[in-house]
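In my numbering, the protein residues as written are 1300 to 2572.
For each residue, glycine too, the CB sits at the ideal point set by N, CA and C.
Remember, it's a predicted structure, so these values are computed and weren't measured experimentally.
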Amino acid sequence: MGLLPHKSCLSYLLLLILLCAGHFRWVAADHCVWYGECDPSTKVPDKKYNCNYTGSPKPLEAEGRELLTELCPGLDYGDRAICCDVAQLRTLKGSLQLPLQFLSRCPACYFNLMTLFCELTCSPHQSQFMNGSDIDKNNNVVAVDYFIGQTFTNAMYNACKDVQAPSSNVKALSLLCGKDASQCNATNWIQYLFDINNGQTPFAIKPTFSDVPLSGFNPMNNHTFNCTEGLDDGSGPCSCQDCAAACGPTPVPPPLPTPWTILGLDGMCVVMWLSYMGFLLVFFGIIIGAWCYRRGTIMSEYGPILDSNNPLSLNADNPDQVDASCCERLGERFENAMRVVFSSWGSFCVRYPLLVIMSSIVLVGVSSAGLFYMQITTDPVELWSSPSSQARKEKDYFDSHFGPFFRTAQLIITTHLKDPDTYTPYFPGPDVPFNTILTKAILHEVLDLQLDIESIMATYEGQNVTLKDVCLAPLAPYNDNCTILSVLNYFQNSHEQLDHVARDEFFIFADYHSHFLYCVSAPASLNDTTQLHDPCLGTYGGPVFPWLAMGGYDGTNYNNATALVITFPLNNYQNDTVKKGKAMAWEKEFITFMKNYSHPNLTVSFSAERSIEDEIDRESNSDISTIILSYAIMFIYISLALGHIESCRRLLVDSKISLGIAGIVIVLSSVSSSLGLFSYFGVPLTLIVIEVIPFLVLAVGVDNIFIIVQTYQRDERLPDEELHHQIGRILGDVAPSMFLSSFSETVAFFLGALSNMPAVRTFSLFAGLAVFIDFLLQISCFVSLLGLDAKRQEGNRLDILCCVKLPEGQETKTDGCLLQFFKKIYAPFVLKEWVRPIVVAVFVGMLSFSIAVVNKVDIGLDQKLSMPDDSYVLDYFKNLSEYLHTGAPVYFVIEDGHDYRSLEGQNAVCGGVGCNNDSLVQQVYTASLMSNYTTIGFTPSSWLDDYFDWVKPRSTCCRFYNSTGAFCNASVVDPSCIHCRDMTPEGKMRPQGDDFMHFLPMFLSDNPNPKCGKGGHAAYGSAVDLTDNNTQVGATYFMTYHTILKESPDYIDALRMARALARNISATMDHNVFAYSVFYVFYEQYLTIIYDTALNLCMSLLAIFLVTTVLLGFELWSAVLVSCTIAMILVNMFGVMWLWGISLNAVSLVNLVMSCGISVEFCSHIVRAFTMSVKSTRVERAEEALAYMGSSVFSGITLTKFGGILILALSKSQIFQVFYFRMFLAIVLLGATHGLIFLPVLLSYIGPSANKAKVFAANKRFAGTEREPLLKY
């Protein structure tokens, strides 16, 4: 029993020893690792080492308490002693300025980050999680071990990983992690923050991550806040833009509409195929049924009309009476009135040729004199965008408030060499391959080229012009360096910087490889944090985003780039012609220099702002010879084909070369008169007008010339009829047909002028007037010339050499070869009973096919087509689509009137803490998450969010001189500079009211510097339109980029999606917001091109229908057939466009409107001849119309145009080959086949019955003469 007490004492003693050991370990945990600052750091000379100190924490001086509360508001050390002094707190504040500026957007992130550094710097429990691992002889702490909880580490990273840097369109960690945010994680971020080589850390800090004690140390694992949580001080949760967890599910784009299919086949094709099959069954059923019925009744539709009561019969009992309807009588009287008027006019013109010709010359001369005031529009904006269009108004608004979008000169550089480089980092890490284009030797060669371009000197009006005179310099006058978006700007455009290496005799610690890898992750950085400590920011004061300076890479692996892109933005000038002239002069020298540049290792494609316009001008000039040759062939044909040669002896008498030339001159005179008259009124010309209208008017005019001349040649003069009466009678017969076609085309074209497209509107105006003037000149001047030529021919005088006269001889008048062919072979064959069903089946099949593919015609205009085959711009376009990864910048513009002073107005726009989830910035950000659908590629740069970060009281950015109130830049060291806002609850809030406007001009004038990277001058100098002497915010914009856009559908879709997004934002804000990009004015037309096309063509068809109805003598059914045939031609044009790869755009729409006019020529003459025929059956009437009028149409339009069109195929211009050669050829072939094959067959089946009143009048008019009606066999 005695031993028991002894054992009990030992137990108590052991317990006491253990308790004492724990007590002393707890006491030891309260000692510091350092206190105060000692010697300057050898790594960062402007900072100092902390002094080694292992004593107890010391009370903080009174002057430091406010600073401690500012830096570590969530760490309530109270009045307890801590392990840092005021100097250390000041150093901490200075070191954390950049993280503060970029991460304070998310309070939870910033709180966690400050916890990490505050515990490190000042915690009274330092020795629990820190160890001074290296103390030098001067008692400086040179290295420490910092034990950090893995839970804390992960939580801090998760709260910060989504925070955005608005001015750079990247995540903030890309600027604070030493690598791209996508490669940054919880541990390597902290390792980078504590890396002695990052340019900010004065001594080595080795972080160790663990949630369990290690080596006797308890890792710092303080409480953290999630980014979705508000702080205890009342700060709200982070915004959705800065915290993905606050956004809810990632938005998913709606599924693409599924194509309409039937049994796996295209639905439209199946429907049209079934419709066509159904039509064939019904049609051939009717044909066979009718054939069987005729055979059964021994009848034939070719049989004569024997019923004596039928007024069409020439055997009628009483030829002095006719049982015609009221409409038929009205039509006959209208027809007769036109015949009388035109006959009298024709007779007058032949009797007084000199008066008519001289009057015509005077009128044409006066009209054409307007060409002296001619203005030719080559500006693509004026050509394709209506001043009243939405895009044009938005462009004008943008230009007037922010200045016009800058001009660009751009290079895309590749190399054929295959010599890649591999970079092995000094610090442990995987090898990084560098493609050949990024090897140092190639970069030096590219830099040589870039510097040569910078030294280009041009001359404008006797003054030398350099790049600095015209370039975009956003920080001028403080920094007049030009903006050059180039990889070489990461190296300050310097060979020395490119060769900069940090090394010793054994190792290379950092070189251009490491600098490049850092800069592509943090392009706005002023210190690459490698041992080079070189800036990434461009010499012009702004970042060079890697996606703008490189191409051909995958993902964000910019080191794999296969192309370098160098962009020189130049100032654009809206109303200053001198400055704009200087910019264009420099661009011209740039183009000349690049055309002459060659390098064995580099392949360079290039373009300047003026390149497209220059190449279009060059293309137009080079195509002049092609156009002249085309017209020359048509002129020669017309001159030769007009003559009807009876015999070789009379070759020079019967030829009509002089008359043909006169007819061509009249056609050209009508064109010049139209151009001149509109020039008087200041209507500008376009290249389309100059190139297309002569072709159109030649088609219309020559057709009429052939009709007049050939009708005269086939006519027999009546007994006792004089020449002027004969020509007057002929004009009375054919002029109504000419008037029908010309007037219907004129009305159709003038209605086309209602289009919103300037190119279509201008063409329609000029074309409509030219066609009508041509008609007036043909029935006046040309008729007089025809009378003179007839007198010459009757006098046996030679053509051209009118003074030479042949001896009289007896000549027999015969029909021409073409008329004989049409009358005896072609017309009877086409209208054979077995041929006609085949014709209908083929043409309806063509129509069905065209309807099936009409919705498959591409929309847009490929830029490459507007260039000549040998243009240097084609290589640029090819490389642009092959290598570039980013589209054009897009600006979301808030029109003036929005209230930025109020909290509600700010929340509707901004993207930071407290901002609405459907604010402008947030909606654009959300759209960027679905970039494949929305085409919005990046988070928008937000001046408002950066302004709020800039003005925060913790930041060193916003300061002013206490004495003057003037702005004090963060780089200025002056004790009189004080913070804009106090560290009070109100000061920590966003500025509102007058405060908002007081500091905003300072922000917009502040240049970024190492102490303040948020200065707004470079990024937002032009983004905010300050009004009323800087007291009000007017219009502002928020910029981002489209995704890469390669083809016209991409651009159209980008415009459509951006506008949809802008509409949503406008509805949310209850204020007008629009999206603007430089290409919108060109592609807006395609948003409504289908509607515009349908409207223009339908209005043209309606005009043709109405005019045809009236001028055919109220023959309603005839007008329907003409309109339907022209509609078939137009639909078939779409089928040809799909087959031949011709897209729908303003150029092709002009051609479609023109085809409407030319189709009238092919159809209206045939239909009118059919209605005027007095033959007994439809087949015979169609045969007669085809024989006589068809031959004139064929020789007047088809043959004339065919030769000229074929020459267009030789053009170097792709736009000529596609939109003129292909479409013109299709217009002529479809018009000819429909007018000369399908329409006669259609008339033979369902043509209108003969107008009884017209037949009666014709019989009565020629009664008692041996003369058959004009168009009768």
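Quick one: what's got a C-beta closer than 8 Å to residue i's C-beta in the same chain, skipping five residues either side?
i: T1829; result: N1496, A1801, F1808, A1809, S1813, H1814 and Y1817
i: A1327; result: In this predicted model, A1327 has a pLDDT of only 46, less than 50, meaning its place in the structure is not dependable; the value taken from the coordinates is given anyway. Closer than 8 Å at the Cβ level, and outside the excluded window around A1327, lie S1426.
i: S2442; result: V2156, D2157, I2158, G2159, L2160, D2161, S2347 and M2436
i: C2276; result: R2258, F2259, Y2260, N2261 and C2267
What are the partner residues of residue i, as DSSP defines its beta bridges?
i: M1429; result: Y1445
i: P1339; result: K1347
i: N1763; result: T1758
i: R1593; result: None; R1593 has no bridge partner.
i: F1905; result: L1710
i: I2193; result: T2335 and V2372
i: L1580; result: Its beta-bridge partners do not exist; DSSP assigns none.
i: I2235; result: H2341
i: Y1722; result: V1731
i: A1801; result: A1809
i: L1474; result: BP columns for L1474 are empty, so no partner.
Quick one, which of the options has its alpha-carbon nearest residue i's?
i: G2546; options: D2014, R2477, V2143 and L2179; result: R2477
i: L1359; options: L1388, I2441 and P1339; result: L1388
i: Y2385; options: L2448, T2342 and V2435; result: L2448
i: P1536; options: S1403, L1391 and Q1796; result: S1403
i: Y2303; options: Y2319, L2542 and M2288; result: The question names Tyr, yet the displayed sequence has Leu at residue 2303. It is Y2319.
i: Q1938; options: L1928, I1927 and S1954; result: Sequence inspection shows Ser at residue 1938; the Gln mentioned does not correspond to that position. Per the Cα distances, S1954.
i: V2082; options: G2027, M2471, N2178 and L1787; result: G2027
i: P1552; options: V1569, A2226 and K2287; result: A2226
i: V1991; options: G1981, L2394, L2064 and S2040; result: L2064
i: H1330; options: H1424, E1418 and Y1348; result: H1424
Hey, would you say the C-beta of residue i is under 6 Å away from at least one heavy atom of the ligand MG?
i: H1743; result: The ligand MG is absent from the structure shown, which contains no ligand whatsoever.
Rounded to whole angstroms, what is the Cα-Cα separation between residue i and residue j?
i: M2398; j: M1567; result: 26 Å
i: N1614; j: E2021; result: Low confidence applies here, because N1614 scores a pLDDT of 41, under 50, leaving its location unreliable; read the following figure in that light. Roughly 32 Å between the two C-alpha positions.
i: A2374; j: P2239; result: 12 Å
i: A2556; j: A2140; result: 37 Å
i: G1363; j: K1879; result: 58 Å
i: N1734; j: L1742; result: 11 Å
i: F1410; j: C1371; result: 8 Å
i: F1524; j: L1784; result: 40 Å
i: L2068; j: A2052; result: 11 Å
i: T2367; j: I2193; result: 13 Å
i: D1461; j: F2515; result: 52 Å
i: Q1490; j: G2440; result: 58 Å
i: M2037; j: I2004; result: 10 Å
i: H2023; j: I1675; result: 44 Å
i: L1564; j: F1578; result: 21 Å
Spatial neighbours of residue i within its chain, please: C-beta separation below 7 Å, excluding the five flanking residues on both sides.
i: S1910; result: I1890 and V2172
i: T2342; result: G2186, S2230, T2234 and G2236
i: T2330; result: M2296
i: L2164; result: Q2513, I2514 and V2517
Within a Cβ cutoff of 6 Å, which residues of the same chain sit near residue i, ignoring the five residues on either side of it in sequence?
i: D1435; result: V1441
i: M1893; result: F1905
i: F1641; result: L2030, G2031 and A2034
Stretch-stretch touch, CB-based, cutoff 8 Å, three pairs: the region 2423–2436 with the region 2526–2533: yes
Segment contact flag, the region 2303–2316 with the region 2251–2264, C-beta cutoff 8 Å, min 3 pairs: yes
Cβ contact check for the region 2049–2058 and the region 1677–1684: 3 or more pairs under 8 Å: yes
Cβ contact (3+ pairs, closer than 8 Å) linking the region 2287–2302 and the region 2145–2159: no
Touching by the beta-carbon criterion (3+ pairs, under 8 Å), the region 2223–2237 and the region 2265–2284: They do not touch, by the three-pair rule.
Any 3 or more C-beta pairs closer than 8 Å across the region 1519–1537 and the region 1466–1481: no
The region 1335–1352 contacting the region 1495–1509, beta-carbon criterion three pairs below 8 Å: yes
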